[in-house]
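Below you'll find the structure, written out as structure tokens, and then a few comments.
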Amino acid sequence: MLLIRNAEIHAPAPLGRADLLVAGGRIVRLEPGIDLPARYVERLDASGLLAVPGFIDAHVHLTGGGGEGGYATRTPELVLSDAVRGGVTTVVGCLGTDGVTRSPAALLAKVRALDAEGITAFMWTGHYAVPVQTLTGSIERDLLLIDKVIGVGEVAISDHRSTQPTFEELARLAAQARRGGLLSGKAGVVNFHLGDGTRGLAPLRRLVEETELPPSQFLPTHINRNPTLFEEGTAWARGGGFVDFTTSTVPAFLEDGEVACSAGLRRMLDAGVPPGHITFTSDGQGSLPAFDEHGRLTRLEVGRVTSLFAAVREAVQAEGVPLDTALAVVTANPARILKLAGKGQLAPGADADVVLLDAADLAIRGVIARGRWLMRDGEVLVRGTFE
Ligand code: ZN
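Note that my numbering has the sequence shown beginning at 181, numbered continuously upward.
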């Protein structure tokens with residue numbers, strides 16, 4: 181058992197100063213003044229620290245991604261310590277452009293490996309391409325038969341790297357995701373990769389207008405990649421949809437018009453988007469390719485999981501977004517939208533995924549996943565098998 185005392189609790193809602201008792205990998209009590217003899221429990225005085233839920237990063241290329249510049253540009257796998265450094269205790273893995281040398285089976289193996297190493301991992305089935313490449317032959321079977329599959333993605337639309345799926349193909353795959361989700365009690369959400377194409381969110385608007393599928397079935401990502409898509413995303417979210425920002429970036433993208441996540445969050449809130457409809461993900465280990473006006477690759481970088489909380493912190497410190505609202509985009513919101521039980525909140529009964537932040541500068545000082553210390557006093561204690 182672990183007793184964290186005198187922490188300022190942001191669950192993510194602010195609950196004031198309280199103590200957190202962890203046992204068996206879960207939070208069992210959360211209230212002021214818990215006292216247990218030291219011989220029964222490890223105690224930590226967390227004065228000067230904030231206790232917040234472990235972060236959820238729902239779009240990470242766990243087995244690497246990319247390769248848009250040829251084989252030598254295939255990006256590397258996630259290592260555990262990167263997640264720990266970023267305070268990420270739950271990841272949802274995905275495949276991207278490459279569904280030939282990257283496979284759902286390899287992704288599932290990596291998901292299980294990260295679980296064994298100490299965090300919680302899930303996956304999206306499929307990759308950019310339609311028809312969707314699955315583990316068991318269909319989206320519904322993947323959702324119903326494989327515990328780790330929570331939805332479909334990232335399916336590429338409005339992008340030169342997509343398979344140019346037709347409306348009927350998108351409707352069919354979204355329907356399969358919905359049916360599989362309903363039958364398995366999972367979210368069954370489709371994570372759509374949005375490119376820079378001028379069609380933008382038009383395919384999703386048409387799905388909602390012409391089928392019975394609700395907007396909550398879709399989570400379009402990279403919504404901040406250009407100003408036009410950002411405006412479309414704002415309207416989509418005001419109309420009841422969810423939007424996901426990508427936090428990994430390079431200065432050249434921002435110079436080209438990408439909307440910084442911190443400022444973008446502030447702008448969407450000011451525009452009246454319900455705070456619960458916004459999530460951030462890192463696109464970690466994904467390739468960040470830049471193409472010139474002729475479609476030629478000009479540069480390529482690798483996304484980082486550590487960018488996730490850096491963007492949240494910047495939203496608080498530079499844009500004045502309330503801490504609980506900013507925290508929710510990487511905790512309570514993805515947990516609710518993706519139906520990740522026990523995740524994204526500090527409450528009795530929830531998994532003991534806790535991040536300790538320095539109250540003064542919001543630096544990550546401690547990370548606990550399922551009750552186990554992964555980082556303490558700013559030092560990474562647990563690394564991946566081959567690190
Ligand atoms: Zn993508």
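Glycine included, C-beta positions come from ideal geometry on N, C-alpha and C.
Give the range of the alpha helix (DSSP H) segment to which Leu434 is assigned. Position 254 of the sequence shown, counting from 1, holds the residue named residue 434. Segment Pro431 to Glu435, the alpha helix (DSSP H) holding Leu434.
For the alpha helix (DSSP H) that Glu481 lies in, which residues bound it at each end? Here residue 481 refers to the residue found at position 301 of the sequence shown. Note, Glu481: premise wrong, no alpha helix (DSSP H); beta strand (DSSP E) at Leu477 to Val482.
Counting pairs of Cβ atoms below 8 angstroms between the segment 317-326 and the segment 363-377, do you hit three or more? yes
Option nearest Gly306 by Cα separation, candidates Leu287, Leu294 and Asp295: As a position in the sequence shown, residue 306 is number 126, starting the count at 1. Nearest of Leu287, Leu294 and Asp295 to Gly306, Cα basis: Leu287.
Going by other Cβ atoms of all chains shown within 10 Å of its Cβ, with 16 needed for buried, is Asp225 buried or exposed? Taking the sequence shown and counting its residues from 1, the one referred to as residue 225 is at position 45. It counts as exposed.
Would you mind stating whether Asn406 and Glu435 have Cβ atoms separated by less than 8 angstroms? The sequence position of residue 406 within the sequence shown is 226, counting from 1. The sequence position of residue 435 within the sequence shown is 255, counting from 1. Cβ distance not < 8 angstroms, so Asn406 and Glu435 don't count as in contact.
Distance, Cα to Cα, Thr270 vs Phe302? Position 90 of the sequence shown, counting from 1, holds the residue named residue 270. Position 122 of the sequence shown, counting from 1, holds the residue named residue 302. Rounded to whole angstroms, Thr270 to Phe302 spans 8 angstroms at the Cα level.
In angstroms, rounded to a whole number, what distance separates the CA positions of Ala532 and Thr511? For the purposes of this step, residue 532 is identified with residue 352 of the sequence shown, where counting begins at 1. For the purposes of this step, residue 511 is identified with residue 331 of the sequence shown, where counting begins at 1. Answer to the nearest angstrom: the Cα atoms are 13 angstroms apart.
Looking at the unbroken alpha helix (DSSP H) that takes in Met555, where does it start and where does it end? Against the sequence shown, residue 555 aligns to sequence position 375. Careful: Met555 lies outside any alpha helix (DSSP H), inside the beta strand (DSSP E) at Arg552 to Arg556.
Gly546 - partner residues in DSSP beta bridges: Residue 546 sits at position 366 when you count from the first residue of the sequence shown. BP columns for Gly546 point to Leu536.
Could you tell me the alpha carbon to alpha carbon distance between Thr391 and Ala351, rounded to whole angstroms? As a position in the sequence shown, residue 391 is number 211, starting the count at 1. As a position in the sequence shown, residue 351 is number 171, starting the count at 1. One C-alpha to the other measures close to 8 angstroms.
Spatially closest choice to Phe408 from Asp199, Gly464 and Ser338, by CA coordinates: Mapped onto the sequence shown, residue 408 falls at position 228. Before going on, a small fix: residue 408 reads as Thr here, not Phe. Of the listed residues, the one whose Cα sits closest to Thr408 is Ser338.
Val280 classed as buried or exposed, judged by whether at least 16 other C-beta atoms fall within 10 angstroms: Translated into positions along the sequence shown, residue 280 becomes position 100. Counting Cβ neighbours within 10 Å, Val280 comes out exposed, since fewer than 16 surround it.
Could you tell me which uninterrupted beta strand (DSSP E) segments, each at least 3 residues in length, are contained entirely in the segment 184-229, listed from first to last along the chain? 194-203, 206-211 and 222-225
Specify whether the segment 340-351 and the segment 239-246 touch according to this definition: at least 3 beta carbon pairs, one from each stretch, less than 8 angstroms apart. no
Is the closest heavy atom of the ligand ZN to the C-beta of His402 under 7 angstroms? Numbered from its first residue, the sequence shown carries residue 402 at position 222. It does: the Cβ of His402 is within 7 angstroms (strictly closer) of some heavy atom of the ligand ZN.
Quick one: is the Cβ of Gly273 within less than 7 angstroms of any heavy atom of the ligand ZN? Stepping through the sequence shown from its first residue, residue 273 is reached at position 93. Checking the Cβ of Gly273 against the ligand ZN gives no.
Assuming Gly331 contacts Gly298 under a Cβ cut-off of 8 angstroms, what Cβ separation, rounded to an integer in Å, is found between them? Taking the sequence shown and counting its residues from 1, one reaches residue 331 at position 151. Taking the sequence shown and counting its residues from 1, one reaches residue 298 at position 118. Not a contact, Cβ separation roughly 24 angstroms.
Cβ-based burial, Asp424 [other Cβ within 10 Å; buried from 16]: Taking the sequence shown and counting its residues from 1, the one referred to as residue 424 is at position 244. It counts as buried.
Identified DSSP bridge partners for Ala231: For the purposes of this step, residue 231 is taken as the residue at position 51 of the sequence shown. Ile189 and Leu536.
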